[in-house]
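Take a look at the structure set out below.
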Amino acid sequence: MREEMRTFGYLCPKCGKTVMKTRSVFALEASGAEVECDCGGSALTAAFDGERYQLAVPCGLCGGTHMAVCSQKQVLEGAAALACAETKQFCCFIGPEGTVEKQLRELAVLAEKERRQGENEVFLDNVIMYEVLSELRDIAARPGGITCACGSGRCGMEVRRSAVDLICRDCGAKLRVPAATDRDLDDLCCHMKLVLPGKK
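Letter by letter, the sequence shown follows residues 222 to 421 of this note's numbering.
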């Protein structure tokens, strides 16, 4: 029987390169994991206490280290992503190797844009943001284009640096639409309608 593997990936704040290492589920449950960058400047650690994983994630977006607590299921099943508290962008990925590799490529593009543009720009990528806003207007103009699972059709939006938050005016549910890369725009263009998750 083939041993189940999990891949951890993040962007090194020291050298700026993507770091990706794979560990077996058995090893994770026995002793947790340490995923160190080849430059030696950072390391992600995952310690298991028998119920939950305590993660320390070096962040290539803000330069800090984020602490997170994840359930056994989050770490060992499907795919999980942890967000940077400062930028609100995902900075760490856990899951199958192919999924993590794809997400890390996107993260590297995002970080490079941040470095190139600095803080002077209102948006991370002005062209992508305006295209996303235009697409959202088109979706909203369709009958039942943007609705909430609570039954409301009254939705507002908050524009952020690299995303647009759609907010239900009745229940307060949010749906984040990323607006930083070409892939974000392509993903949005696939949708004829958007449904916010709704708050029970």
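Note that beta-carbon positions come from the ideal geometry of N, C-alpha and C, so glycine has one too.
Note that the structure is a prediction, hence the values are computed from the model and not measured.
Less than 7 angstroms separates the beta-carbon of C312 from that of C280. Assignment of beta-bridge partners to C389 by DSSP yields C376. Non-local beta-carbon contacts of A329 in its own chain, meaning distances under 7 angstroms to residues more than five positions away in sequence, involve L232 and T239 in chain order.
Counting C-beta pairs with one atom in each stretch, the segment 356-365 and the segment 255-274 have fewer than three that are closer than 8 angstroms, which means they do not touch. In the three-state DSSP reduction, V256 falls in the strand class (E or B). Your pair T368 and E318 does not check out as a contact, with CB atoms roughly 37 angstroms apart and the cut at 8 angstroms.
A distance below 7 angstroms between beta-carbons, with the five flanking residues on each side excluded, links A301 to the following residues of its chain, in chain order: C291, Q295, I315 and G316.
Pairing L396 with I388, the inter-Cα distance amounts to about 7 angstroms.
Judged by their CB atoms, D391 and S373 are nearer to each other than the 7 angstroms cut-off. Counted as a single uninterrupted DSSP element, the alpha helix (DSSP H) harbouring C410 occupies residues D403 to C410. A401 has its alpha-carbon roughly 27 angstroms from the corresponding atom of K420. Membership of K420 in any alpha helix (DSSP H) is not indicated, and neither H nor E is assigned to it by DSSP. F247 carries a helical assignment under DSSP once its states are collapsed to helix, strand and coil. In the structure shown, T308 adopts coil according to DSSP, grouped into three states.
The C-beta distance from L325 to M241 rounds to 6 angstroms, short enough to fall under 8 angstroms.
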